[in-house]
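Colleague: Quick one: this structure, given as structure tokens, is what I'll be asking you about.
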Amino acid sequence: MPKLNGVLETALYVEDMDRARTFFEGVMGLEPFTADHRFTAYDAGAGTVLLLFRRGETLETVVLPDEMGTIPPHDGSGHVHLAFAIAARELAAWEGQLEDHGIAIEGHTHWPRGGKSIYFRDPDGHLLELATPGVWPNY
Numbered sequence: 001m002p003k004l005n006g007v008l009e010t011a012l013y014v015e016d017m018d019r020a021r022t023f024f025e026g027v028m029g030l031e032p033f034t035a036d037h038r039f040t041a042y043d044a045g046a047g048t049v050l051l052l053f054r055r056g057e058t059l060e061t062v063v064l065p066d067e068m069g070t071i072p073p074h075d076g077s078g079h080v081h082l083a084f085a086i087a088a089r090e091l092a093a094w095e096g097q098l099e100d101h102g103i104a105i106e107g108h109t110h111w112p113r114g115g116k117s118i119y120f121r122d123p124d125g126h127l128l129e130l131a132t133p134g135v136w137p138n139y
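The opening residue of the sequence shown carries number 1 in the UniProt record's numbering; numbering runs sequentially from there.
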């Protein structure tokens, strides 16, 4: 399995949590930290976390146990963008991984700083990107 080096953006809202988990665990190779019916938290590499929230399930304040505090309501809609950082040497392996799972690559970009990106969709239509170093001044 190719290795992810990090997440550049951190949260997605999904319609079907089981379908999303199948994709992010089976295709992307992510390992969950914790999960319940409304969210899943994944280790996305380099000390980063990808959170999946079931759309509409985070509209109420969450009171955490043991006086840990609260999490305010939030939600999102529409097809959003999320970029994963990968090593340049992993790009071809990721292209093969996506092809093996029948995931269409919608775009290829060669950035002026030398980075490369490929773009594809998750089952909810979010635009996912795998980006090698050289995309941004800090990456």
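Just so it is clear, CB atoms sit at the ideal spot from N, CA and C, and this is done for glycine as well.
Note that the structure is predicted; figures quoted are calculated from it, not measured.
(1) Check for me: the alpha helix (DSSP H) holding Asp100 runs from which residue to which?
(2) Assuming Arg55 and Val80 are in contact, meaning their beta carbons sit under 8 Å apart, how far apart are those beta carbons, in whole angstroms?
(3) Just tell me which of Ala88, Thr109, Ala104, Arg113 has its CA closest to the CA of Arg121.
(4) Would Phe33 and Asp18 be called neighbours here (beta carbons separated by less than 8 Å)?
(5) For the segment 32-77, which segments carrying the beta strand (DSSP E) assignment without a break, of at least 3 residues, lie completely within its bounds, in sequence order?
(6) What residues are listed by DSSP as bridge partners for Ile118?
Modeller: For this structure:
(1) 91-100
(2) Actually they are not in contact, since the Cβ atoms of Arg55 and Val80 sit about 12 Å apart, beyond 8 Å.
(3) Ala104
(4) no
(5) 39-43, 49-54, 62-64, 69-71
(6) His108, Leu130
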